[in-house]
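See below for the structure under consideration.
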Amino acid sequence: MDYSKSGGPRQGRNAPKHSEHNARGTQKTPYDKRDDKADLLKRMKEAAKKAAEKAPEPKG
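Using my numbering, the letters of the sequence shown map in sequence onto residues 41 to 100.
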């Protein structure tokens, strides 16, 4: 029996409909470009410090 003629749903192709703009292995984010954990921690601390300076004082 030819199931394609019976009106059943088409099977998926297991392929994404689009590629991500920041996918690993692309020119923007190559595989060898990885941040060290120390660098990440440093950036997080700087961001937290900047946010603390920017935040208003709580009333109370």
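Every residue, glycine too, gets a C-beta built ideally from N, C-alpha and C. Every value quoted in this text rests on a predicted model; they were computed, and no experiment measured them.
Task: Per-residue DSSP class, three states only, for ASP79 - done: helix
Task: For ALA88, the three-state DSSP class (helix, strand or coil) - done: helix
Task: Helix, strand or coil at LYS45 according to DSSP, with G and I counted as helix - done: In this structure, LYS45 counts as helix in the three-state DSSP scheme.
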